[in-house]
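Let me begin by presenting the structure, written as structure tokens, before commenting on it.
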Amino acid sequence: MSENTTMRLCLIASLTALLMACSGTVEEQSDTPGSESNAAETGTETPTDSNGTDESSGEMGEQPTDQESMVNTCGTDHPLVGRSAEFSMLFHDVSGTVAVLDKCTLRVTNFNYDGGGPDVAFYAYFDGDYFHPDAFQIGDQLNGQRFDDQTLVLTLPEGKSLDNFDSISVWCFEFGISFGEAYLTQ
207 MSENTTMRLC
217 LIASLTALLM
227 ACSGTVEEQS
237 DTPGSESNAA
247 ETGTETPTDS
257 NGTDESSGEM
267 GEQPTDQESM
277 VNTCGTDHPL
287 VGRSAEFSML
297 FHDVSGTVAV
307 LDKCTLRVTN
317 FNYDGGGPDV
327 AFYAYFDGDY
337 FHPDAFQIGD
347 QLNGQRFDDQ
357 TLVLTLPEGK
367 SLDNFDSISV
377 WCFEFGISFG
387 EAYLTQ
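In this text, residue positions in the sequence shown follow this note's numbering: the first is 207, and each later residue adds one.
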């Protein structure tokens, strides 16, 4: 590899890291075919275990206090900010607590899911009506991934806000069922 090519690659890597740091979002990388997602369409998520370790790399992830200070640029002047709710366990050992950090960020703590369902993601709408055409995905697909007491930070997709939902589900698109859901208004 020429010195010029090496310099270009270093510059590209540096610019990419800078852009990710400025945007305040981190996407989980997956080797699963078909699991790529557009952060603008689905939001982003950063999985960590209960100690803050990034599960995908084995390195320390950001601590929740850093994430909270970073995401508070979204504003906190909404009635749902500060609310939390427990996921009901319906199928595939789904459990955990979802909390609204600010107007565009949710944190799921102590999240458990056995990874057994096909075509699964966090999905949101009003009153658990996930069949509604305006229901939407938050974050990347969870397909085949096992989660044991992990923490996920979910960013609402562009164009969506806390006014667009009051419930969130671990939703199986293939079978049209909720593996577990939480209601932020109760």
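Positions of the beta carbon are idealized from the N, C-alpha and C atoms, including for glycine. Fair warning: this is a prediction, and the values are worked out from it, not measured in the lab.
In three-state terms, what does DSSP make of residue i?
| i | result |
| --- | --- |
| N349 | coil |
| C378 | strand |
| L358 | strand |
| D340 | coil |
| L307 | strand |
| L368 | helix |
| G386 | strand |
| L296 | coil |
| T254 | In this predicted model, T254 has a pLDDT of only 48, less than 50, meaning its place in the structure is not dependable enough to derive any value. |
Quick one: what's got a C-beta closer than 6 Å to residue i's C-beta in the same chain, skipping five residues either side?
| i | result |
| --- | --- |
| L390 | L286, R289, A291 and D372 |
| E375 | In the sequence under discussion, the amino acid at residue 375 is Ser, which differs from the Glu named in the question. Excluding positions up to five away in sequence, the list reads Y329, Y336, S384 and E387. |
| E380 | P324 and D325 |
| S301 | F293, M295 and N318 |
| G382 | none |
Anyone know if the C-beta pair for residue i and residue j falls short of 8 Å?
| i | j | result |
| --- | --- | --- |
| C378 | G323 | yes |
| L368 | V314 | no |
Could you pull out every residue in the same chain whose Cβ sits closer than 7 Å to the Cβ of residue i, ignoring the five residues on either side in sequence?
| i | result |
| --- | --- |
| H298 | Y319, D320, G322, G323 and F385 |
| H338 | Y331 |
Name the DSSP bridge partner or partners of residue i?
| i | result |
| --- | --- |
| R313 | A305 and V359 |
| V326 | C378 |
| S290 | A305 |
Excluding sequence positions up to five away, which residues of its chain have a Cβ less than 8 Å from the Cβ of residue i?
| i | result |
| --- | --- |
| R352 | Y319, D320 and G321 |
*Report yes or no: do three or more beta-carbon pairs, one from the region 341-349 and one from the region 283-303, lie closer than 8 Å?*
no
*For the 8 Å Cβ check, are there 3 or more pairs between the region 355-368 and the region 331-340?*
no
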